[in-house]
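Participant: The structure's right below; bear with me while I get my questions together.
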Amino acid sequence: MKKHEALILEGIGASPGIASGKVKIISSYGEAIGFRKGDVLVAKITDPSMVMAMSNSAAIICDIGGIGSHPAIVSREMGTPCVVNTKKATKILKNGDEVKVDGKTGKIYLLS
Amino acid sequence: MIQKNNWINEYAKKIFDITKTVDHRTFFPFDGFLFYPLFDNLWIEKFYQVVCELENKNISEADILKSLPTFSSLKFNFFEMLFMLNDANMDHEKSRKIINFFLQYIRHISVDEKWYNHDRIQKYINIEHKKELAIFKKEDAPIVGKIICGCAALVHGLYNDYCTDFGYDVFGPYDVSKKFGKGSELFIKYFPDLKAELIWPERKGKKIDDIVIYQVLKNIKSKSYYMGSHIDYKNNIIENTICARVDVNGRSVKNKKKLHEISEMLLDDAAFHYNMCKEFDFEKQKEIYLLQFCYQFKKLFELAGISWRPSKEMKSAIRGKKLIKGSNFGKFNYDQSKEYFGINYLKKVI
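Line by line, the protein sequences give chains A and B.
In case it helps, my numbering puts the first sequence at residues 2 to 113.
In case it helps, my numbering puts the second sequence at residues -11 to 338.
Here you go:
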């Protein structure tokens, strides 16, 4: 059955593609270690210490950043949808929320 | 020949475009433009000595070309040098010599005078005729993507946010439609120094020196932002891959298992290294940044017979000092950008 989609956040589409998954908020190298494949990585900004989690993520969402910032450059090379500069993703989203990320339009939908 | 003001205006627009794509809050360990004023006069003098020595020793253009950093690194260093010359309000005669040195070699390497608009360089043109590109197929694209991600993340830690281009360049796109069909283009991702053991002695013994990745992509609609690594694709790269080739230490990787092993090794290395960098205190971060900055011109300085390492005066100029205040990097309007990044100064000097 198709899930209901509600627009919850908007930012800059930084890597094209659409993907869905459960939110996992990360702020450090330690938290990135337990990341599950297929989850949606949410961070204030990613950095290379989170690269293992990034490579296993279905999509990436960041509070800050531009299309030339680290998450954007790296996610484009992996074909992982990415939205940056949402301003408040880490505040609005909660671990376990199911979301759909559109890396082209920069829109993020809460699924229920 | 492009008229002076024309190319400078186009260059100014290019710089304005790229700086708008980044967010200064994300720079690690800090915004370099707030750091350079602590030592820029000393760096300029050292660089000027190198240019003079190369001239005095009659070093050939070919030898200088072999000693320069990657094309993107050279271009980014030109961008930084203009900022520094302007900030230090350097004597115009010296500035002109340094600026002309950069322009001479940037133009020499690039395909045409519009070097500020693309990243095509002579060296790799016709590479498609020399290499067997179709080693890996579309279904392997995610692993190739992980390797690029691992390399890009690793060099980010090895060379910091401002010197990354020394460790990561992208060339292309080159039209390969005759061989791979309509809309196909070749991109070359080049990671020339993945050890950097002169900056990080603990990396001695690491197995991978360099990696070159050749990707044939279709209908990707790319846009380059001055430096090779700052490339944007309108369409998804994995879905639009035709084939790829990965060379590690000059040898082509032939099977998927090996490719997977390399990707895991790089991702692990990158995460570990960067985490270590994050734990440095501010004094250590400045010290390492200065070393990373100078390392980019190691070969050129050695050619001139001058030590590439930061001088005692440079080290002393940053020790115990705070960064300067007041950057609005990425938030400037066009006119403010031209002033801040030394483009108005460039017009006065040349």
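Quick reminder that beta carbons are idealized off the backbone N, C-alpha and C, glycines included.
Here the structure is a predicted model, which is why all the values come from computation and not from measurement.
For B:ASP181, which option in B:LEU22, B:TYR283, B:HIS80 has the closest C-alpha, if you only look at C-alpha atoms?
Facilitator: Closest by alpha carbon: B:TYR283.
Participant: Taking A:ASP40 as the query, report the chain B residues whose CB atoms sit under 7 Å from its CB, ordered along the chain.
Facilitator: Simply none; closest approach about 17 Å.
Participant: Measure how close the beta-carbons of B:ASN228 and B:ASN207 come, nearest whole angstrom, since I'm counting them as under 8 Å.
Facilitator: Indeed, because the Cβ distance is near 6 Å, the residues count as touching under 8 Å.
Participant: Verify whether the separation of the beta carbon atoms of B:VAL164 and B:ILE219 is less than 8 Å.
Facilitator: no
Participant: Who pairs with B:ASP220 in a beta bridge, going by DSSP?
Facilitator: B:LYS211
Participant: Using DSSP with H/G/I as helix, E/B as strand and the rest coil, what is A:ILE65?
Facilitator: The DSSP-derived three-state label of A:ILE65 is coil.
Participant: Looking at chain B, is there any beta carbon in it that lies within less than 8 Å of the beta carbon of A:ARG77?
Facilitator: Yes, A:ARG77 counts as interfacial toward chain B.
Participant: Would a check of beta-carbon distances place B:MET(-11) closer than 8 Å to chain A?
Facilitator: With a pLDDT of only 47 at B:MET(-11), under the threshold of 50, the placement of this residue in the model should not be trusted; the figure read from the coordinates follows. No - not a single Cβ of chain A is within 8 Å of the one on B:MET(-11).
Participant: Could you give the DSSP three-state label for B:LEU121: helix, strand or coil?
Facilitator: coil
Participant: Which first and last residues belong to the alpha helix (DSSP H) in which A:VAL75 is found?
Facilitator: That run of the alpha helix (DSSP H) goes 71 to 79.
Participant: Please compile the residues from chain B whose C-beta is within a distance smaller than 7 Å of the C-beta of A:SER50.
Facilitator: Under the 7 Å cutoff, chain B gives ALA259, TYR262, ASN263, LYS266.
Participant: As a quick exercise: from B:LEU291, B:LYS303, B:ASN223, pick the residue whose alpha carbon is nearest that of A:ILE19.
Facilitator: B:ASN223
Participant: By DSSP's criteria, B:ARG233 is part of a beta bridge. Which residues make up the other side?
Facilitator: B:TYR202
Participant: Looking at chain B, which residues of the region 81 to 92 of chain A have a Cβ within less than 9 Å of any of its Cβ atoms?
Facilitator: THR81, PRO82, VAL85, ASN86
Participant: Return no unless some Cβ of chain B is closer than 8 Å to the Cβ of A:GLY67.
Facilitator: yes
Participant: Determine, using beta carbons only, whether B:ASP220 comes closer than 8 Å to chain A.
Facilitator: So yes, B:ASP220 belongs to the interface.
Participant: Quick one, are the C-beta atoms of B:GLY133 and B:CYS265 less than 8 Å apart?
Facilitator: It is not a contact, given that the beta carbons lie outside the stated cut-off.
Participant: What does DSSP give as the partner residue(s) for A:CYS83 in the beta ladder?
Facilitator: A:CYS83 is bridged to A:SER16, A:ILE61.
Participant: So B:ARG13 contacts chain A; which residues on that side make the cut at Cβ distance below 7 Å?
Facilitator: The answer, in chain order, is ILE65.
Participant: Quick check: what's the CA-CA separation for B:ASP5 versus B:HIS96?
Facilitator: Cα to Cα, the separation comes out at about 24 Å.
Participant: Work out the CA separation of B:ASN29 and B:GLY216 for me, nearest whole Å.
Facilitator: 28 Å
Participant: Please list, in chain order, the residues of the region 18 to 34 of chain A that have any C-beta partner in chain B closer than 8 Å.
Facilitator: GLY18, TYR30, ALA33
Participant: Within the 8 Å Cβ cut-off, does A:ILE9 reach chain B?
Facilitator: A:ILE9 is outside the set of residues whose beta carbon lies under 8 Å from a beta carbon in chain B.
Participant: Chain A beta carbons: is any one of them nearer than 8 Å to that of B:HIS144?
Facilitator: Yes, contact with chain A.
Participant: Pick helix, strand or coil for B:LYS82, following the three-state DSSP scheme.
Facilitator: helix
Participant: Out of curiosity, what's the CA-to-CA distance linking B:TYR93 and A:MET53?
Facilitator: 38 Å
Participant: For B:ALA232, return the contacting residues in chain A, with the cut-off set at a CB-CB distance below 7 Å.
Facilitator: Near B:ALA232 there are no residues of chain A at all, since even the closest Cβ is about 12 Å away, more than 7 Å.
Participant: So B:TYR156 and B:ALA140 are in contact, right, with Cβ under 8 Å, and what is the actual spacing, rounded?
Facilitator: 6 Å
Participant: Among the residues of its own chain, which have a CB less than 7 Å from the CB of B:TYR328, if the five just before and after it don't count?
Facilitator: For B:TYR328, same chain residues with a beta-carbon under 7 Å away, outside a window of 5 residues either side, are PHE320 in chain order.
Participant: Would the beta-carbon of B:SER240 be found less than 7 Å away from any heavy atom of the ligand ATP?
Facilitator: The model on display carries no ligand, and the ligand ATP is accordingly not part of it.
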